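For the sequence shown, this note's numbering assigns the number 790 to the initial residue and increments by one for each residue that follows. The structure appears right after this line, and notes come after that.
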Amino acid sequence: MLKRLQDPDFKKANQIASHKSMLKRLQDPDFKNANQVASRKSMLKRLQDPDFKKANKVASVKNRLKRMENPVFKKTYQFQNVRNMRKRRLSSDNLCQNVSTKKKTPYSIWSQGLSEKCYWCHRLRFPSSVNQCNSDIFNRLGMLIPSDAKSTVTICTSCLPHIKKTKVPPLYIGNGYELNSVPSSVTQIK
């Protein structure tokens, strides 16, 4: 047997026969499905090993850096990255407008006081730091429009970037960050 395996013609014929046999088995849907399941299980088991995981990450970075040396791949990669970033963000066309339309001077900002309340975090804000947004922003986030929401909702500049990325703001009152009611004497300070 060893003598035959050392013969290059026999070795080549054996490889071809093995390849044909594998292709024939992969055409069988039951074998193909079982092979895919076994492959996934094996990969998940290997990924739980911290050494393999680290080696896999290092190899992935090396491979990407090697591919980035190719100018065609680099340009394609950058283009796809920009396109994916744009997909993740909500388009802001006619979505939000700043509440304060007056020219911002220090006195005009402070004279209006903390008069605007953000719909998401319920914090009081100056008019210059909130935006009026269409209530269809709830649809874009995959949330039901609350019954108390009007055609436009007030969103502060802290919550808006998260909403544009289609993420729920971290200080959203639904996450348990609701504050106690603010006394009217505080809201009337000018």
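Even glycine gets a Cβ: it sits at the ideal position worked out from N, Cα and C. Remember, it's a predicted structure, so these values are computed and weren't measured experimentally.
For Val919, list the residues DSSP reports as bridge partners.
Cys945
Residue range of the unbroken alpha helix (DSSP H) whose run includes Met857:
Pro839 to Met857
Whether Leu930 touches Phe915 by CB criterion (8 Å)
no
Does DSSP put Pro834 in a helix, a strand or coil?
Reading off the sequence shown, one finds Lys at residue 834, where the question assumed Pro. Of the three classes helix, strand and coil, the one that applies to Lys834 here is helix, per DSSP.
Cα-Cα separation, Lys891 to Lys956:
Its pLDDT being 46, under 50, Lys891 is placed unreliably in this model, and the value from its coordinates should be taken loosely. In a straight line, the C-alpha of Lys891 is about 30 Å away from that of Lys956.
Which term fits Val871, buried or exposed, when burial requires 16 or more other beta carbons within 10 angstroms of its beta carbon?
Exposed, by the Cβ-count rule.
Cα-Cα separation between Asn824 and Leu815, rounded to whole angstroms
8 Å
Given His911 as reference, the closest of Ser924, Thr943 and Asp925 once Cα atoms are compared:
Thr943
Going by Cα to Cα distance, which pick from Met932, Pro839 and Asp838 is closest to Ser924?
Met932
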